[in-house]
Structures are given as C-alpha cells and as structure tokens.
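S.K.: Dumping the structure here so I can ask a few things about it.
Okay, structure coming up:
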C-alpha cells in the first residue's frame, strides 16, 4: 500500500518535471522557493516561519483501499495542535530512518545515543576523507619530499649507519687476513681498528648515560629513523643491553686472540719444524714454517785427496814402503 502511494507520487512528480527545461538556472523561482520553505532540524523558530502560507497538514490516507474499508480498520487523520507536523519541525536523524508519530511534539527526549552515533560516524568519515586527500597529495604531488629537497639537511643517520657497516666489514676482513697469515702488520692494524671502535662506543655510551641533554649533541634527523630507533631501544632496553654487552665481549676476545697470535706468530730465526721423516706429513703446524730435512744416503766415509809428497815423506820416516817408489 505504501509502495503504491509512493509510486503514484513519483509519477505525479515526473509529470510536473516533464515540461520544465533540462537546464536549471540559479534564478529558478521554484528552487528558490523550495530552499526558503525548507525546515531545518533544531531551529527553535520553525513554527513561526511562514505561518500565513502554511497550509493545514494532512496525513496521507493509507486506508483508502477497498480491502482496508472492508476490514473495518480506520487510520485516524486528526493531527494534534502540539504535533511536530503542524509545527514543521524536522525529525532527528536515526540509523533506521524511522519517523515519529503524529503525537510527537518535536522535543528530543532521547539519551543522545543516536546523536553520538552520527557524530562518531561523521568524524570517521571526515578522518578517512582527510587521510585520502593526504595520501593523494603525497603520491601525486610533483614536489620532492621535505627531507630530499635541495635545501633540506643531509640524512646523517642513514649515512652514519652505512659508514658504520662499511667500517665493520673492513675490520672483519682484516681480522680474517690476520688470522690466516699470522702477519704482524695485519694483526696490529686489526687491533688498532678494534680499539678505536671500542673507544667510540665507550664515548657514545658515557655521553648517553651521563649527559641528560645528550640528544642535543646529535644533529636533527629529518628522516625520523633516529627517533624510531630511540623508541625501540627504550621499549626493549633489556634485550638491547645484553646485545651491547655481547658485542663488547666479542670485541675484547678478538683483541686478546690477536695478541696471542702476535706472540705465537711465525719467526724465521726461532721456529722450524724439525723432523726425521723423509716425506712431507699430511698435517703441519699452523703457526710454524715447515722446512723438510734434506735426504741423505748411508755409506763408507770418504776422505779428501792429500798431497803425495807429504805421504812419501811421512812413510819414509815411519819406515813404510811407498807404493810408488818401493822404498
């Protein structure tokens, strides 16, 4: 029944709109009159607006059909004087779109739940729209980001992290070379690198723990990565503390092992591998140069040649006949 009434009203509206031009101007009297007669919810002077031109409101007769008349059910059409329909008040919005009855006087006596619901809904929609606009301008704006412009400061935190990683890689490579060759120069360079790294770590640690305004010693990071790292370390202080102690311990052990390798390293004048084996063994010491012993043959002793005149003279004195002269 209600749908039939709405369809009939819609047909009448379309018939009235049929003869109107397709383009509506700003000075359209019909639109202007509609805006003037529009009643807004919450206006306390609504019942005094256009009292002379307001016609007596009439409820739609939903019981005019034959079946409703046969059933004997009658819908009252009287509108009380205090009704919101006569006052012209707008109904407060609700999530279900239900309008009040004819006896409502236009005063909102609810607990404000529906009002809060629509307020939260409007706030959420406004926030989503603002976020959408921000993302759109961020990705579509041709201008560079604030920390990549020509006048923006350099992102020192990114460069410092990159430089620290390269330095640690160089120190690690020098340590591997020193451990493989046991070269004194490489060991000295490795120990100097580790000691300098420990001094820098100690200086930063002392500055952070003893200086209350330690953040002022660092330049401003435009990327925000330094702030994220700082908050992460504050939230996970125990884990970061043990990781730092482990790193310092490993660095100290590296210096100790480098000193041991320097003390036990190969020296040509002191250490040789002495062995009586005639073949090269499968395993040789790591820190001593292997020098295989020269091969030899066991035989009769050989004497060098001597002067024959000296032999003749000695034999004549002793009385032994010489094999050359027979005397």
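Residue numbers (UniProt numbering): 1 to 327. Glycine residues also receive a C-beta, built at the ideal position from the N, C-alpha and C atoms.
1) Nearest-angstrom Cα distance between residue 227 and residue 236?
2) When you compare the region 104–116 with the region 85–93, are there three or more beta-carbon pairs, one atom per stretch, that lie closer than 8 Å?
3) Measure the C-alpha to C-alpha separation of residue 246 and residue 240 and round it to an integer number of angstroms.
4) If you draw a straight line from the alpha carbon of residue 35 to that of residue 133, how long is it in whole angstroms?
5) Would you mind working out which of 136, 19, 261 and 233 sits nearest residue 191, comparing C-alpha positions?
6) Where do the N-terminal and C-terminal ends of the alpha helix (DSSP H) with residue 188 fall, by residue?
7) What's the gap between the Cα of residue 208 and the Cα of residue 264?
8) So which of 201, 44 and 197 has the shortest CA-CA distance to residue 84?
9) Taking the continuous alpha helix (DSSP H) assigned at residue 98, which residues delimit it?
10) Give the DSSP-derived three-state secondary structure of residue 221 in the structure shown.
11) Less than 7 Å between the C-beta atoms of residue 193 and residue 171, yes or no?
12) Leaving out the 5 sequence neighbours to the left and right, which residues in its chain are closer than 6 Å to residue 114 when beta-carbon positions are compared?
13) Identify whether residue 45 lies in helix, strand or coil by the three-state DSSP scheme.
14) Starting from residue 237, trace the alpha helix (DSSP H) in both directions and tell me its first and last residue.
15) Would you please state the rounded distance, in angstroms, between the beta carbons of residue 168 and residue 178? I believe it to be under 8 Å.
16) Is residue 390 helix, strand or coil by DSSP?
17) Using beta-carbon positions only, say whether residue 88 and residue 39 come within less than 7 Å of one another.
18) Within 10 angstroms of its Cβ, does residue 106 collect 16 or more other Cβ (buried), or is it exposed?
19) Using CA atoms only, rank isn't needed, just tell me which of 31, 68, 116 and 195 is closest to residue 255.
M.R.: By the coordinates alone:
1) Residue 227 sits at position 227 when you count from the first residue of the chain shown. Residue 236 sits at position 236 when you count from the first residue of the chain shown. Rounded to the nearest angstrom, the two C-alpha atoms are 14 Å apart.
2) Taking a cut-off of 8 Å for Cβ pairs, the region 104–116 and the region 85–93 touch, as three or more such pairs fall below it.
3) Locating residue 246 in the chain shown gives position 246, where the first residue counts as 1. Locating residue 240 in the chain shown gives position 240, where the first residue counts as 1. For residue 246 and residue 240, the distance between alpha carbons rounds to 10 Å.
4) Numbered from its first residue, the chain shown carries residue 35 at position 35. Numbered from its first residue, the chain shown carries residue 133 at position 133. Taking the straight line joining both Cα atoms gives about 31 Å.
5) Locating residue 191 in the chain shown gives position 191, where the first residue counts as 1. The closest CA to that of residue 191, considering only 136, 19, 261 and 233, is found on 261.
6) Within the chain shown, numbered from 1, the residue matching residue 188 stands at position 188. Run containing residue 188: 184–210, per the alpha helix (DSSP H) assignment.
7) Indexing the chain shown from 1 puts residue 208 at position 208. Indexing the chain shown from 1 puts residue 264 at position 264. Here the alpha carbons of residue 264 and residue 208 stand approximately 40 Å from one another.
8) Numbered from its first residue, the chain shown carries residue 84 at position 84. Closest by alpha carbon: 44.
9) The residue given as residue 98 occupies position 98 in the chain shown. Run containing residue 98: none; DSSP gives neither H nor E here.
10) Residue mapping note: residue 221 aligns to position 221 of the chain shown, counting from 1. Coil.
11) Residue 193 sits at position 193 when you count from the first residue of the chain shown. Residue 171 sits at position 171 when you count from the first residue of the chain shown. Going by beta carbons, residue 193 and residue 171 fall inside the 7 Å limit.
12) Position 114 of the chain shown, counted from the start, is the residue given in the question as residue 114. 94.
13) What you label residue 45 is simply residue 45 of the chain shown in a count that begins at 1. Secondary structure at residue 45: coil, using DSSP grouped into helix, strand and coil.
14) Here residue 237 corresponds to residue number 237 of the chain shown, with the count starting at 1. Going by DSSP, residue 237 is part of the alpha helix (DSSP H) stretching over 237–263.
15) To locate residue 168, count along the chain shown from 1; it is residue 168. To locate residue 178, count along the chain shown from 1; it is residue 178. With a beta-carbon spacing of about 15 Å, residue 168 and residue 178 fall beyond the 8 Å limit used to define contacts.
16) Outside the shown range of the chain, which is 1 to 327, sits residue 390, and nothing can be said about it.
17) Translated into the one-based positions of the chain shown, residue 88 becomes position 88. Translated into the one-based positions of the chain shown, residue 39 becomes position 39. Less than 7 Å separates the beta-carbon of residue 88 from that of residue 39.
18) Residue mapping note: residue 106 aligns to position 106 of the chain shown, counting from 1. With 16 or more other Cβ atoms within 10 Å, it is buried.
19) If you number the chain shown from 1, residue 255 lands on position 255. Closest by alpha carbon: 195.
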